[in-house]
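Numbering (this note's numbering), first residue to last: -1 to 114.
Every residue gets a Cβ at the ideal spot worked out from N, C-alpha and C, and that includes glycine.
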């Protein structure tokens, strides 16, 4: 099994359907004894440039360990899902489970607000 990092940009009008969309992908990963090392929902964020006349998208990050067959299936599902406006699948050498820098910053801000 190999390790991959996946970033999905979901249409902002379908943010409430993200849990059900992600659940489908998780089933596909777990059915082949795959693992999810990190899952982060970054929420709605401004796009660097407009995509299909959209200025914002809902960002999802996953680090997974699966066979190449599952990656091909996921890639096909991403391509044919109208809610996903962009996706990228990158091979990584080691599983990544620690929080991304963006999530660490968000967590630090949350902790600062709780202290004050």
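Look at residue i and residue j and say whether their C-beta atoms are less than 8 Å apart.
i	j	result
residue 93	residue 42	no
residue 35	residue 81	no
residue 53	residue 44	yes
residue 58	residue 6	yes
residue 111	residue 72	no
residue 89	residue 0	yes
residue 46	residue 8	no
residue 85	residue 4	yes
residue 62	residue 107	no
Looking only at its chain, what residues have a beta carbon closer than 6 Å to the beta carbon of residue i, apart from the 5 residues adjacent to it on each side?
i	result
residue 95	35, 36
Ordered along the chain, which non-local residues of its own chain (more than five positions away) have a Cβ less than 8 Å from that of residue i?
i	result
residue 50	83
residue 105	97
Secondary structure at residue i, three-state DSSP: helix, strand or coil?
i	result
residue 12	helix
residue 29	helix
residue 83	strand
residue 105	helix
So, at 7 Å on beta carbons, what are the nonlocal neighbours of residue i in its own chain, with the 5 sequence-adjacent residues on each side left out?
i	result
residue 69	2, 87
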